[in-house]
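Residue numbers (the working numbering), protein chains in the order written: chain P, 1 to 309; chain X, 310 to 618.
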């Protein structure tokens with residue numbers, strides 16, 4: 001299958017680091033590898049883009065999961081939407097808040113005027129970011145094209161070590177796009193609305209096309225990897241489970257994590273070929289659900305590696 | 310005209326601060342007021358939103374313009390897209406970069422290991438944010454509904470001081486939306502693509518409706534204010550000028566700033582009833598174009614106020 005996604009040549013350059021990262025982290029340091037995808041993709045509506053369709057995702061799921069993978073000794077390729085949540089940083093107040101209340105003397109920013117939790121979080125974030133600096137490779141995407149081309153590239157680098165690799169795909173990826181040949185060159189022009197108040201007719205009709213099925217390609221490339229998918233729905237848990245089961249059956253991946261939009265921070269139903277496991281935390285728990293989720297995945301991945309050996 | 314935009318009741322609460330802000334800044338401190346709108350709006354495609362249409366805007370234009378308005382003594386209501394660029398902060402490296410390279414001792418973050426420019430920018434940002442803290446009111450929007458409802462609310466607060474108020478509307482606001490009654494309740498379901506490679510038919514057709522003309526409402530509410538609009542195009546400067554002229558003629562605002570997507574940091578054509586003024590800086594200028602633009606607007610606004618007196 002050919003992917004007809006135009007992506008800037010420059011975009012590929014950054015991916016060359018993967019080779020030395022995998023060599024150092026896997027071959028030399030003997031670490032297991034996890035590829036975390038995180039945040040939402042964007043779909044351009046014009047070639048000179050001023051408008052696009054976004055899939056909602058703050059990236060907090062991927063950022064927190066990355067933290068727990070790192071603590072368990074994994075090396076992480078963190079392939080995330082530019083500007084979405086980053087591991088450890090997501091627990092800090094914004095730079096705006098910090099700068100608005102800090103005091104600066106000579107070459108230091110004094111943050112002791114911040115609330116205690118904020119202060120501790122900043123210190124911890126800096127500590128962990130530096131501790132895990134070599135163990136994490138940060139790569140970015142924006143458009144759905146960059147997402148697919150990037151993930152394809154990453155998976156190809158992982159082929160030689162695929163059985164030591166987890167793909168943890170929690171990015172919110174668009175199902176729809178506008179193929180290159182149908183993409184208008186310039187900003188869609190606005191028709192006048194001289195109708196007054198009541199607008200009865202659509203002023204612009206947007207034809208969206210299904211994204212080519214890319215998951216097949218990834219799964220065929222790294223057939224021996226441990227693959228975790230996510231399914232999110234908004235209507236009913238029954239529908240969610242049904243769709244997640246179909247996904248599991250169709251792609252024969254290791255885990256499908258099913259979650260509802262409004263309870264996604266408290267409940268994940270993990271579907272495997274052996275059945276379902278409900279992972280749950282209290283709404284106001286200090287420990288995010290990702291802590292339990294990564295524990296669970298780590299155990300299943302250990303069993304999986306044992307079976308291979 | 311009735312705006313049929315459903316907005317969370319909570320959203321309004323934050324706007325109550327405007328009253329005391331205007332009292333203190335205008336009545337007590339005798340400052341002129343500018344309302345800066347900045348960043349792009351989002352248009353939900355479902356009621357339980359996982360997808361939306363975004364208008365591209367980093368918010369840098371609004372953030373930098375706010376800086377120069379503050380320096381000229383204006384009090385600024387900075388009504389911006391959540392997460393978009395903020396004044397002064399936009400000149401700093403990200404918190405991620407800072408924390409990754411700083412050293413922390415006791416209650417201070419030592420940033421002297423950063424590059425000199427970065428270090429100076431952080432110090433200046435903290436200094437200015439604190440200096441102008443009382444002179445700036447930060448209010449956020451996300452959806453196009455919040456934008457319109459929020460701007461309506463702000464303009465109503467400004468009525469008593471409208472002739473001392475500039476509206477500087479550089480937010481990228483959607484022309485299209487899906488009216489509440491047509492909005493699907495839940496995530497749009499994905500049809501299967503069993504067609505293989507070539508996708509010939511649109512899988513999803515999105516009907517977009519023109520946003521009710523809101524600008525009339527604002528202009529009628531604050532008829533004596535000094536209003537600056539922005540027009541951005543991607544195709545040709547001729548088209549741009551034509552559309553900007555139409556805008557000027559139709560709404561009889563004070564200035565329409567016309568700019569092309571790819572040269573927006575270097576060139577703005579300001580259209581007024583007296584003709585055109587080209588505002589231009591070198592591509593690699595240290596001073597952003599907003600410095601010149603706000604100088605220009607400040608002069609025109611001074612003349613405007615003189616005429617009123």
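Built from N, CA and C at the ideal position, the CB exists for glycine as well.
Short Cβ contact (8 Å threshold) for residue i with residue j
i, j, result
"residue 440 of chain X", "residue 387 of chain X", "no"
"residue 371 of chain X", "residue 347 of chain X", "yes"
"residue 222 of chain P", "residue 168 of chain P", "no"
"residue 485 of chain X", "residue 337 of chain X", "no"
"residue 187 of chain P", "residue 46 of chain P", "yes"
"residue 550 of chain X", "residue 470 of chain X", "no"
"residue 365 of chain X", "residue 141 of chain P", "no"
"residue 58 of chain P", "residue 171 of chain P", "no"
"residue 261 of chain P", "residue 234 of chain P", "yes"
"residue 289 of chain P", "residue 266 of chain P", "yes"
Three-way DSSP call (helix, strand, coil) for residue i in this model
i, result
"residue 83 of chain P", "coil"
"residue 207 of chain P", "strand"
"residue 129 of chain P", "helix"
"residue 504 of chain X", "For residue 504 of chain X, the predicted model reports a pLDDT of 49, less than 50, meaning its position is unreliable; a value from the coordinates is still stated below. Three-state result, residue 504 of chain X: coil."
"residue 414 of chain X", "strand"
"residue 524 of chain X", "helix"
"residue 345 of chain X", "strand"
"residue 220 of chain P", "helix"
"residue 486 of chain X", "strand"
"residue 432 of chain X", "helix"
"residue 88 of chain P", "coil"
"residue 426 of chain X", "helix"
"residue 420 of chain X", "coil"
Residues that residue i contacts on chain X, provided the C-beta gap is smaller than 8 Å
i, result
"residue 96 of chain P", "395, 398 and 438"
"residue 255 of chain P", "Going along chain X, no residue has its Cβ under 8 Å from residue 255 of chain P, so there is no contact; the nearest lies around 20 Å."
Opening and closing residue of the beta strand (DSSP E) in which residue i lies
i, result
"residue 567 of chain X", "564-569"
"residue 275 of chain P", "275-280"
"residue 42 of chain P", "42-44"
"residue 697 of chain X", "Here chain X comprises residues numbered 310 to 618, so residue 697 of chain X is not present and cannot be evaluated."
"residue 166 of chain P", "165-169"
"residue 461 of chain X", "Taken as a continuous stretch (DSSP letters only), residue 461 of chain X belongs to no beta strand (DSSP E), being part of the alpha helix (DSSP H) at 453-467."
"residue 308 of chain P", "Residue 308 of chain P -> not in any beta strand (DSSP E); alpha helix (DSSP H) instead, spanning 289-308."
"residue 227 of chain P", "226-233"
Span of the alpha helix (DSSP H), counted from its first residue to its last, around residue i
i, result
"residue 550 of chain X", "546-560"
"residue 10 of chain P", "9-13"
"residue 51 of chain P", "Segment 51-55 is the beta strand (DSSP E) holding residue 51 of chain P; no alpha helix (DSSP H) there."
"residue 66 of chain P", "60-71"
"residue 492 of chain X", "Careful: residue 492 of chain X lies outside any alpha helix (DSSP H) and carries neither H nor E."
"residue 137 of chain P", "No alpha helix (DSSP H) holds residue 137 of chain P; the beta strand (DSSP E) holding it covers 136-141."
"residue 329 of chain X", "326-331"
Per-residue contacts from residue i into chain P (C-beta, under 8 Å)
i, result
"residue 365 of chain X", "49, 50, 51 and 52"
"residue 417 of chain X", "108, 109, 110, 111 and 112"
Within chain X, partners of residue i - CB distance below 7 Å
i, result
"residue 204 of chain P", "485 and 517"
"residue 186 of chain P", "543 and 544"
"residue 152 of chain P", "Correct list: empty, because the minimum Cβ distance to chain X is about 16 Å."
"residue 125 of chain P", "408"
"residue 169 of chain P", "Result: empty, since nearest Cβ-Cβ is about 16 Å, beyond 7 Å."
"residue 261 of chain P", "357 and 359"
"residue 219 of chain P", "Within 7 Å Cβ-Cβ: nothing; residue 219 of chain P doesn't reach chain X, min ~16 Å."
Listed by chain order, chain P residues near residue i by CB distance under 9 Å
i, result
"residue 554 of chain X", "By Cβ distance, chain P contributes nothing, its closest Cβ being about 15 Å from residue 554 of chain X, past 9 Å."
"residue 442 of chain X", "100"
Listed by chain order, chain P residues near residue i by CB distance under 7 Å
i, result
"residue 574 of chain X", "Near residue 574 of chain X there are no residues of chain P at all, since even the closest Cβ is about 15 Å away, more than 7 Å."
"residue 401 of chain X", "95"
"residue 578 of chain X", "Here the premise fails: no neighbours, minimum Cβ distance about 17 Å."
"residue 327 of chain X", "Result: empty, since nearest Cβ-Cβ is about 20 Å, beyond 7 Å."
Contact test: residue i Cβ vs the ligand ZN heavy atom, cutoff 7 Å
i, result
"residue 592 of chain X", "Among the ligands in the structure shown, none appear at all, so the ligand ZN cannot be discussed."
Using a Cβ distance threshold of 8 Å, determine whether the region 90-102 of chain P contacts the region 133-153 of chain P, with at least three qualifying pairs required.
no
Can you confirm whether the region 47-64 of chain P touches the region 21-31 of chain P when touching is taken to mean that 3 or more C-beta pairs between the two stretches lie within less than 8 Å?
no
Would you check if the region 486-494 of chain X and the region 211-230 of chain P touch, i.e. whether three or more CB-CB distances between them fall below 8 Å?
no
Three or more beta-carbon pairs under 8 Å between the region 272-287 of chain P and the region 247-257 of chain P, yes or no?
yes
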